[in-house]
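Engineer: Below: one structure in structure tokens.
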Amino acid sequence: MMKLAILAAIIGPTTAFAPSASIGAFSTALHMTDETTATIEEPVAVAAAPIVEETPILLVPAAVAINGWSADADLPCYGLPGAISPLGFFDPLGFSKDTDLNTVKRLREAEIMHGRVSMMAAVGYLIGESTPTITYGMDVHHTIANNQLPEVPWIVLFPFFLAINIAEALRAATGWVTPGLGPLFTLRGKYYPGDIGFDPFGLKPKDAKDFANMQTKELSNGRLAMLAAAGMCAQELVNGQGILENLGF
Numbered sequence: 029m030m031k032l033a034i035l036a037a038i039i040g041p042t043t044a045f046a047p048s049a050s051i052g053a054f055s056t057a058l059h060m061t062d063e064t065t066a067t068i069e070e071p072v073a074v075a076a077a078p079i080v081e082e083t084p085i086l087l088v089p090a091a092v093a094i095n096g097w098s099a100d101a102d103l104p105c106y107g108l109p110g111a112i113s114p115l116g117f118f119d120p121l122g123f124s125k126d127t128d129l130n131t132v133k134r135l136r137e138a139e140i141m142h143g144r145v146s147m148m149a150a151v152g153y154l155i156g157e158s159t160p161t162i163t164y165g166m167d168v169h170h171t172i173a174n175n176q177l178p179e180v181p182w183i184v185l186f187p188f189f190l191a192i193n194i195a196e197a198l199r200a201a202t203g204w205v206t207p208g209l210g211p212l213f214t215l216r217g218k219y220y221p222g223d224i225g226f227d228p229f230g231l232k233p234k235d236a237k238d239f240a241n242m243q244t245k246e247l248s249n250g251r252l253a254m255l256a257a258a259g260m261c262a263q264e265l266v267n268g269q270g271i272l273e274n275l276g277f
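First residue of the sequence shown? That's 29 in the working numbering, and the numbers climb one at a time after it.
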């Protein structure tokens with residue numbers, strides 16, 4: 029009995045320091061309540077109406093018309109004038125086939141510039157051989173055109189070549205993209221091939237149809253002049269006689 033009394037006396041006070049199951053359960057319940065409360069306090073997403081994604085509309089800028097011409101990929105040479113009867117569009121070697129717009133504009137630029145130089149050359153062959161000149165004076169029976177350039181004094185040639193260089197520099201600045209500011213060999217987007225703004229007599233038509241007609245005439249004359257200048261050069265190389273002399277004048 030004494031042992032049981034002592035044991036009861038020891039166990040009684042120590043139970044105050046033992047964890048109580050009810051306290052643990054209360055703590056667990058409190059923790060669960062906190063979690064539940066925290067869960068309830070989270071904002072609940074409100075079901076919204078389904079968002080319909082709209083397909084963006086890509087606005088393609090319209091082609092800028094230059095002198096009444098707008099590039100059209102469905103037409104030969106993007107619709108540039110120059111196709112004349114009876115052959116119409118004539119490109120047997122396919123230089124313009126499957127080429128981009130910039131390449132077509134460069135080809136047209138080269139064609140029209142060579143045509144203009146050839147028109148002056150064809151006239152220059154006749155005038156240089158058959159009229160008084162700075163170099164040969166009043167003697168019209170002088171050296172043929174093919175051999176005149178080496179005989180011209182440098183004091184006359186220097187201003188001549190200087191004028192050519194200045195003209196070419198102005199043309200490049202007008203129509204071509206400045207090197208370093210864009211791809212090389214690229215014409216400006218708003219530049220029409222051959223239109224360098226030089227029209228001292230005001231012959232450029234305002235109407236698009238009239239401009240295309242005049243452009244076609246210039247191209248036709250330029251093409252003929254290229255053939256003529258080449259023929260004159262070849263003729264003088266063959267027999268060493270001037271053009272008018274070959275015709276009996």
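Glycine residues also receive a C-beta, built at the ideal position from the N, C-alpha and C atoms.
Return helix, strand or coil for threonine 161, following the three-state DSSP convention.
Structural biologist: Reading the sequence shown from its first residue, position 133 is the one you call residue 161. Correct three-state label for threonine 161: strand.
Engineer: Under the three-state reduction of DSSP, which class applies to valine 151: helix, strand or coil?
Structural biologist: As a first step, residue 151 must be located in the sequence shown, where it is residue number 123. Note: valine 151 maps to helix in three-state DSSP.
Engineer: Checking 8 angstroms against the spacing of the C-beta atoms, do leucine 272 and serine 158 come in under that value?
Structural biologist: Start at 1 with the first residue of the sequence shown, and residue 272 comes out as number 244. Start at 1 with the first residue of the sequence shown, and residue 158 comes out as number 130. Yes; because the gap between Cβ atoms is below 8 angstroms, this pair is in contact.
Engineer: Find the nearest neighbour of glycine 96 within the set Lys234, Ile140, Gln269 and Met260, judged by alpha-carbon distance.
Structural biologist: Counted from its first residue, the sequence shown places residue 96 at position 68. Per the Cα distances, Lys234.
Engineer: Helix, strand or coil for glycine 116 per DSSP?
Structural biologist: Working through the sequence shown from its first residue, we reach residue 116 at position 88. Reduced to three states, the DSSP call for glycine 116 is strand.
Engineer: What residues match up with isoleucine 94 in a beta bridge as DSSP calls it?
Structural biologist: Here the question's residue 94 lines up with position 66 in the sequence shown. In DSSP, isoleucine 94 forms a bridge with Trp97.
Engineer: Report yes if the CB atom of serine 248 is closer than 8 angstroms to the CB atom of isoleucine 112, and no otherwise.
Structural biologist: The count along the sequence shown starts at 1 and reaches residue 248 at position 220. The count along the sequence shown starts at 1 and reaches residue 112 at position 84. Their beta carbons are under 8 angstroms apart, which means serine 248 touches isoleucine 112 by this criterion.
Engineer: Measure the C-alpha to C-alpha separation of alanine 257 and alanine 173 and round it to an integer number of angstroms.
Structural biologist: Numbered from 1 along the sequence shown, position 229 holds the residue referred to as residue 257. Numbered from 1 along the sequence shown, position 145 holds the residue referred to as residue 173. C-alpha separation (whole angstroms): 11 angstroms.
Engineer: On a CA-only basis, which of Phe123, Ala200, Gly152 and Ile94 is nearest cysteine 105? Give me that one, please.
Structural biologist: Within the sequence shown, numbered from 1, the residue matching residue 105 stands at position 77. That would be Phe123, whose Cα lies nearest to the Cα of cysteine 105.
Engineer: Should the segment 201-219 be regarded as contacting the segment 129-148, the criterion being three or more beta carbon pairs within less than 8 angstroms?
Structural biologist: Judged by Cβ distances under 8 angstroms, the segment 201-219 makes contact with the segment 129-148, as three or more pairs qualify.
Engineer: Distance cutoff 8 angstroms, beta carbons only. Does proline 160 sit that close to anything in chain D?
Structural biologist: No chain D appears in the structure shown, which is made up of a single protein chain.
Engineer: How long is the line joining the alpha carbons of isoleucine 85 and glycine 116, rounded to whole angstroms?
Structural biologist: To locate residue 85, count along the sequence shown from 1; it is residue 57. To locate residue 116, count along the sequence shown from 1; it is residue 88. The predicted model places isoleucine 85 with a pLDDT of 42, which falls under 50 and marks its position as unreliable; any figure quoted below should be read in that light. One C-alpha to the other measures close to 39 angstroms.
Engineer: Starting from cysteine 105 and walking both ways along the alpha helix (DSSP H), at which residues does that stretch end?
Structural biologist: If you number the sequence shown from 1, residue 105 lands on position 77. Where cysteine 105 is concerned, there is no enclosing alpha helix (DSSP H), given that its DSSP letter is neither H nor E.
Engineer: Among Gly268, Gly222 and Pro228, which has the Cα closest to the Cα of histidine 142?
Structural biologist: Looking up residue 142 in the sequence shown gives position 114. Ranking Gly268, Gly222 and Pro228 by Cα distance to histidine 142 puts Gly222 first.
Engineer: State the start and end residues of the unbroken alpha helix (DSSP H) segment that holds alanine 256.
Structural biologist: Here residue 256 corresponds to residue number 228 of the sequence shown, with the count starting at 1. First-last of the alpha helix (DSSP H) with alanine 256: 236-267.
Engineer: Between which two residues does the alpha helix (DSSP H) harbouring arginine 199 extend?
Structural biologist: The residue given as residue 199 occupies position 171 in the sequence shown. Looking at the DSSP string, the run of the alpha helix (DSSP H) that includes arginine 199 is 182-203.
Engineer: Report buried or exposed for proline 150, applying the criterion of at least 16 other Cβ atoms within 10 angstroms of its Cβ.
Structural biologist: Locating residue 150 in the sequence shown gives position 122, counting from the first residue. Note on identity: in this sequence residue 150 is alanine, with proline being the wrong assignment. Label assigned to alanine 150: buried.
Engineer: Does the distance from the C-beta atom of isoleucine 286 to that of valine 184 stay below 8 angstroms?
Structural biologist: Summary: the structure shown does not reach residue 286, with the chain confined to residues 29 through 277, and so no result is reported for it.
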